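4 protein chains.
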Amino acid sequence: MIYFDTDYMEGAHPLVLRRLVETNSLHTVGYGRDAFTARAKKLILDRCGIDNGEVYFLVGGTQTNAVVLDRLLDHNDGVLATDTAHINVHEAGAIESNGNKILTLPGHDGKLAAKDIREYVETFYSDATNEFMVRPGAVYISFPTELGTLYSLDELRELRAVCDEFRLPLYIDGARLAYGLKGEGNDVTLRDIAALSDAFYIGGTKCGTLFGEAIVTRRPDLFPRFASLIKLHGATLAKGRLLGVQFEALFDEALLAETTIDNDSASDTSASDENVSKSEKCCEVLYDRIGEHAIRLAMKLREAFHVRGYKMLIESPTNQQFVILPNDKLDSLHKVASFELWGPRGATETAVRFVTDWSTTEEDVDLLIANL
Amino acid sequence: MIYFDTDYMEGAHPLVLRRLVETNSLHTVGYGRDAFTARAKKLILDRCGIDNGEVYFLVGGTQTNAVVLDRLLDHNDGVLATDTAHINVHEAGAIESNGNKILTLPGHDGKLAAKDIREYVETFYSDATNEFMVRPGAVYISFPTELGTLYSLDELRELRAVCDEFRLPLYIDGARLAYGLKGEGNDVTLRDIAALSDAFYIGGTKCGTLFGEAIVTRRPDLFPRFASLIKLHGATLAKGRLLGVQFEALFDEALLAETTIDNDSASDTSASDENVSKSEKCCEVLYDRIGEHAIRLAMKLREAFHVRGYKMLIESPTNQQFVILPNDKLDSLHKVASFELWGPRGATETAVRFVTDWSTTEEDVDLLIANL
Amino acid sequence: MIYFDTDYMEGAHPLVLRRLVETNSLHTVGYGRDAFTARAKKLILDRCGIDNGEVYFLVGGTQTNAVVLDRLLDHNDGVLATDTAHINVHEAGAIESNGNKILTLPGHDGKLAAKDIREYVETFYSDATNEFMVRPGAVYISFPTELGTLYSLDELRELRAVCDEFRLPLYIDGARLAYGLKGEGNDVTLRDIAALSDAFYIGGTKCGTLFGEAIVTRRPDLFPRFASLIKLHGATLAKGRLLGVQFEALFDEALLAETTIDNDSASDTSASDENVSKSEKCCEVLYDRIGEHAIRLAMKLREAFHVRGYKMLIESPTNQQFVILPNDKLDSLHKVASFELWGPRGATETAVRFVTDWSTTEEDVDLLIANL
Amino acid sequence: MIYFDTDYMEGAHPLVLRRLVETNSLHTVGYGRDAFTARAKKLILDRCGIDNGEVYFLVGGTQTNAVVLDRLLDHNDGVLATDTAHINVHEAGAIESNGNKILTLPGHDGKLAAKDIREYVETFYSDATNEFMVRPGAVYISFPTELGTLYSLDELRELRAVCDEFRLPLYIDGARLAYGLKGEGNDVTLRDIAALSDAFYIGGTKCGTLFGEAIVTRRPDLFPRFASLIKLHGATLAKGRLLGVQFEALFDEALLAETTIDNDSASDTSASDENVSKSEKCCEVLYDRIGEHAIRLAMKLREAFHVRGYKMLIESPTNQQFVILPNDKLDSLHKVASFELWGPRGATETAVRFVTDWSTTEEDVDLLIANL
């Protein structure tokens, strides 16, 4: 069986796991006050081009969204998001559990439009009775979105502009950030994400670690006493270094460089990406390579869908591919591959999703294509 | 340097880590619906002697306490606990963040007394204005307590009786349960804990895993829709099998048996516990061995304190030892060993804490004793 | 100036105020444990045809909705409501502040459709990942709706049926219930409301009292320890009898009967409703009369709009009339009458609202009509 | 029967009620945007000597405490209060329901000591792990306290100093403020309360109104978007002018002056306080007179207890008198007077409470004394 269900079915990328094993018997202080965590934070801030920022490591995505928005929102604020946003649909009401309302706007291929934000906020402020309404207090988007789509740099800049105009913090959910940054046609860099958001998180769980998300902010002033709020949410990891060690592995150029030379076989991923030139690789980190690998295979798969004439539910440039399969094809494919229906099964055809990640192999994709 | 600061300074017990490595490249469904998790639950329930119970795996202790008490308490209920309880002092207000009050009672060597509960509850129900007061809705204790002390079986039975009388769920925080069960003079078994509580948790983080706590209940009826509540709290681990794999390692007799024979060197712990007879070991699991190991070393240390005439802050039969050191001794010891002050430094002497765990070696303890 | 802004611009109906004055110097126990409150509860339950129910008096509507839904919903439940529902738009996030999500469905002239509920709930329960979604835990509707429209008896029965099917409590916001029950063409009685809902509230603030809403339920089992929850919400009135006295005045047949004979001039309202036959009046209470009075004047006003050919924003059979006025007419009318714009001012015409209540006089309406 | 149970057994002071009746048929805008409310705010601020402050009117005390502290406290803050504080004991967990912990300190005759605050806060800030503890974020006291005692001006200044030192807002619960300000030996004025607190409330419910509490602050910067938070708590009164009208009556010198001359009989209270000199009365308002009246009678009663040799539970200079009665005396007194036990009935003697207020008459007190 080959697996395309989702991007958290394996453990950690072998290089990440190796670092956990290597450091297992060291004694360090708890709660992320260790040297691994400090170094991981520095590597990330440097890579984001942030001078006076802060990084916080948490375990999972729902937790991360809840804790960040709890801090950014006042008790009587709401957060603007698309109606399909993960926080609105698949986090069991975690934001509302904080006491905050999600103010939904329509998505455009899953994306939030700056003009919709402006209209909502202007309407709010022009309403004389708005003290009885929930004030928009922050903006939440995902990169990539729930539908695998990407904001262009211009779109992000427009969002930034409207957020500046109305003093709204912009928070970006980067659960699949590695796959977004390497998405086909993407013109947004990690530095852009860091500069245009007030806070965002670099997803680890779906991009190479056992678990872990790195909240990054160039605005530490927006996060007073954040360590305490994290604890209040039960989100403080006792052995905090586990997060530091893993993110250090993802963002340490030296580690990847040395690994490629000395121990190439430790990394399934690197072997199959020979077409990347040396000069580009000079500053590469594992997080990049993971993104590249999954996107290359996802695009190969998409091309095969196109060639065979399948209808796409949406054109996604990232590691999630949404295609509409005739039901007989769906059933026959399910004999060799595991993947998810995207919504209920239709009468004659059904939308399904194929997801690649760092653990997907060329052979997996070729076998899937052979069965299309 | 030798480390006695706390019991979460290392990674995972080597046998636990080995299982994570062995299973790393397998694909499984997420959120704990995998076979490892299912097997770990079964092993735990069997060992607890529970037929129709349930096990839920979470990542950390504060999170576990918050989620369990959120379920057990109604919106306008409070939880009875000692004033020194971890939930009252060191969890950043997580319980209050749920909207629930902690109703504190005095501790007796850190323990909650059944008679104090009875008096509190009877006073509450006899007060004609109690609709304006917070109703006691559950009881929280720790085994061992924050001070390293243990409830006797009789004490637990008294707590059970008063809880039955007033229909109060009894919840036991077992962050250091392994070290409590093997505590010197302890007459309480895992089965007793399971039978006398409504819910409790088996601590993994301090007892051998990278992270993870196993909530065990013989009363699943008290936990309706609990998976959803866990998600709402941001406490659902995407790669849930990581918890299953680790707890399976802690509670699998077969794993330990085979390991002892085939690969003794993989476990630092086993080597030093030769005085345990074979027959006792027939049903031993790693969780037992971890407890035994830490307690044997803690008792060796305690004996040394006694022999040298140091005052103990409290007589603890578990892996935390609280001793009062003259300040010059404290300073000289700090040159060879890392350990925590227990409260502020005194003028001439200071209370300190030494903690042993599965990673503490005989050599560490001998070196510490040599410097006393 | 004549006032049609809203239905809470005056104090209390004179008969209600008179009772407050008459009882002012009596000493009673606090918190609604007095005899006035007991009698008011009985009058209401009798009139609702409820044998074993309960009534709770609170001060205001937002508070009432928040406290009731806090009790009906589990921590990880949401409440189904239309997107225009008062709780969704104009209560400043009070429901989310409780930790609960509002699950919005499209309104049909402001009304929630049973089929939309069924579809939502069925979709929820058929989703294998619904433990990560917010469960629909109750249904909220208003009678009349925000747009002044009314559910027919058949529509309410369909809602009841779908609520029964999925075990969802049905809660009806009756802020303007008096005006709904007497609405033109209405076929729903107070007893229907009581029988078809699990709980509802009889609005006092907009229907004759200084303040006060009466929560009525035929399902006290759904409201355990409710007095305590009310206190927790800060919604317990110390001098609770003030609520009892006012609702007693609204629902006491004897008071109205005697008043009509002895002291007709005390009631502005009664004087103008001479066309109600004696036999119908035999069981009339002030709450009925207040409703009739406001509706009669609202219908007179609506007829005038129709006759003059104004476009109605919506056809409302109740005390709120929504009409679209050319801007020059709007401006000239504003010189003699006070009323609210319904949304932003348009380029050439604007939607406005005219509201009648117990305090509106025939002269007010005639003057308004003369200026149309 | 004569009543000494508590100070909210009657309706409103006749002068307050008269104003409600006089203004009943006026039309005003809702939610406290009316002219009565504006004038009442101005009268209060002037009397408090506050130039750039703000007043907010709410309905009841528990609500007021919850809303104010919700604003003053960050999500992960707690409020310092005595263990006997009303918010800690008799508000059903309203503060915890906001998500905030009450950090209790021992009371000294019901009063919080500045030195205890300093010690607590210094300990907190010196603890290296305090990010896992609840930060003290505000201080709550009552004037008078739950036990009827009063802070001296020096004590309040010490509290102010420690609050300034640690940047803690000081909030004073003035549910019975009228009776505190006129308390025997009191050296604290309304202006002192206003200047030394960051916010406080002037209790109306127990001091002359039907209901209502006036939050006063010289620090509006601490209360951003407070109207919206009030609404979120369900604490916004639709007919907000009812609060304005009542507090205007309590604080309008003109009203009282004219009333004393023209219509003395309208006020039970004024008649019995002839010993107050004219010059003092020049600036008197009803709130003063209500306080004076109740205190004069309470002191007369206390003197009688002293003379007859009864033990006092505590020496209270305010309108609540706590005395220990032999049980046979308690039983005989209960035949003529209604009053509350203060705690459970003892074997031979029992603590009881007698409360006077604006409605207590000289005859009531004389009759009680005659039966002592």
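Chain order of the listed sequences is A, B, C and D. Quick note: the first sequence uses the numbering used here, first residue 1, plus one each step. Quick note: the second sequence uses the numbering used here, first residue 1, plus one each step. Quick note: the third sequence uses the numbering used here, first residue 1, plus one each step. Quick note: the fourth sequence uses the numbering used here, first residue 1, plus one each step. Think of the CB as a built atom: it goes at the ideal place given N, C-alpha and C, for glycine as much as any other residue. Quick caveat: nothing in here was measured; it's all calculated off a predicted structure.
Three-way DSSP call (helix, strand, coil) for residue i in this model
i, result
"C/L80", "strand"
"C/R71", "helix"
"D/T259", "helix"
"A/E340", "strand"
"A/S228", "helix"
"A/T350", "strand"
"C/F143", "coil"
"A/V162", "helix"
"D/Y287", "helix"
"D/G244", "helix"
"B/L330", "helix"
"D/H233", "coil"
"C/V89", "helix"
"B/L301", "helix"
"C/V216", "strand"
"B/V121", "helix"
"B/A94", "helix"
Residues near residue i in its chain [Cβ-Cβ closer than 8 Å; skip 5 each side]
i, result
"C/K42", "none"
"B/S279", "Confidence is the limiting factor: at B/S279 the pLDDT is only 45, short of 50, which leaves the residue's position unreliable and the question unanswerable from this model."
"A/T189", "L181"
"B/I44", "V55, I202, A214, V216, F247, F251"
"C/M1", "V336, A337, S338"
"C/S152", "D187, V188"
Listed by chain order, chain C residues near residue i by CB distance under 7 Å
i, result
"A/E96", "E96, G99, N100, K101"
"D/H27", "Y3, M9, E10"
Proximal chain C residues relative to residue i, where beta-carbon distance stays under 8 Å
i, result
"B/E131", "R225, A227, S228, K231"
Where residue i meets chain A, residues with beta-carbon distance less than 8 Å
i, result
"C/A92", "N76, E131, F132, M133, V134"
Contacts around residue i, its chain only, beta-carbon distance under 6 Å, and the 5 residues preceding and following it disregarded
i, result
"A/L250", "G208, L286, Y287"
Partner residues on chain B for residue i, Cβ-Cβ distance less than 7 Å
i, result
"D/V89", "M133"
"C/D70", "H75"
Residues that residue i contacts on chain A, provided the C-beta gap is smaller than 9 Å
i, result
"B/T236", "G60, T62, Q63, A92"
"C/P344", "T123, S126, D127"
"B/L17", "L20, V21, N24"
Residues of its chain near residue i, where Cβ-Cβ distance is below 7 Å and the 5 sequence neighbours each way are ignored
i, result
"D/T348", "P326, N327"
"A/I215", "V55, Y56, L58, T64, V68, A199, Y201"
"B/G11", "L17, L210"
"D/S277", "Annotation note: pLDDT 47 at D/S277 (below 50); position unreliable, coordinate value reported separately. Closer than 7 Å at Cβ, skipping near neighbours: no residue."
"D/E357", "Inspection of the sequence shows that residue 357 of chain D is occupied by Asp rather than by Glu. Excluding positions up to five away in sequence, the list reads D7, K206, A294, N319."
Near the ligand MG: residue i beta-carbon under 8 Å from a heavy atom
i, result
"B/V16", "Looking at this structure, you won't find the ligand MG or any other ligand, since it has none at all."
Contact list for residue i against chain D, beta-carbon separation under 8 Å
i, result
"C/T6", "G30"
Under 7 Å by beta carbon: chain D residues contacting residue i
i, result
"C/L210", "K239, L242"
Can you give, in chain order, each stretch of the alpha helix (DSSP H) that sits fully within the stretch 2 to 67 of chain C and has at least 4 residues? 14 to 22, 35 to 48
Ignoring anything shorter than 4 residues or poking outside the stretch 148 to 209 of chain D, list the alpha helix (DSSP H) runs there in chain order. 153 to 165, 177 to 181, 190 to 196
Residues from the stretch 316 to 340 of chain D in contact with chain C, defined by Cβ distance under 9 Å: S338
Beta carbons nearer than 7 Å to chain C: which residues of the stretch 179 to 205 of chain D have them? T205
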